[in-house]
Every structure is written in C-alpha cells, then in structure tokens.
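> If you scroll down you'll find the structure; I have some questions about it.
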C-alpha cells in the first residue's frame, strides 16, 4: 500500500516503545521505514499520465 507502519504492541521486533529510550527507538525505526531505499522502486500514482476512461469507437 505504500504506507510505513510499526507494530506498537509487540516487543518481538525492535520495541519496547515506552519511556525516553523507547521514543528514540521508535524515531529510529520510523526514520528507517520512511527513508527506506525501497520507496525509489515504487511509482507514485499521481505522477503517472492520466489514462482516458472511455475509448472512442472507430
């Protein structure tokens, strides 16, 4: 979908996200998700040329 997210209720990944140290971990994880190189491989739908909805009959 193109939306980075974090699992806030699980400590299985890189949490816990509580307290001052948790905020630093959360900020690091969000930075890694938002600035991931994988976003360069996707193409934003608003940057594509508009396609006609109907095709004229010949």
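Numbering (my numbering), first residue to last: 13 to 70.
For each residue, glycine too, the CB sits at the ideal point set by N, CA and C.
1) Does residue 59 come out as helix, strand or coil in the three-state DSSP assignment?
2) Straight-line CA distance for residue 54 to residue 61?
3) Would you check if the distance between the CB atom of residue 18 and the CB atom of residue 45 is smaller than 9 Å?
4) Give me the Cβ distance between residue 38 and residue 32, rounded to the nearest whole Å; I'm assuming they're in contact under 8 Å.
5) When the Cα atoms are used, what is the spatial distance from residue 48 to residue 40?
This is what the structure holds:
1) In the displayed model, residue 59 falls within a helix according to three-state DSSP.
2) The C-alpha of residue 54 lies about 15 Å from the C-alpha of residue 61.
3) Closer than 9 Å, so yes.
4) With a Cβ gap of about 11 Å, residue 38 and residue 32 do not count as contacting.
5) About 12 Å.
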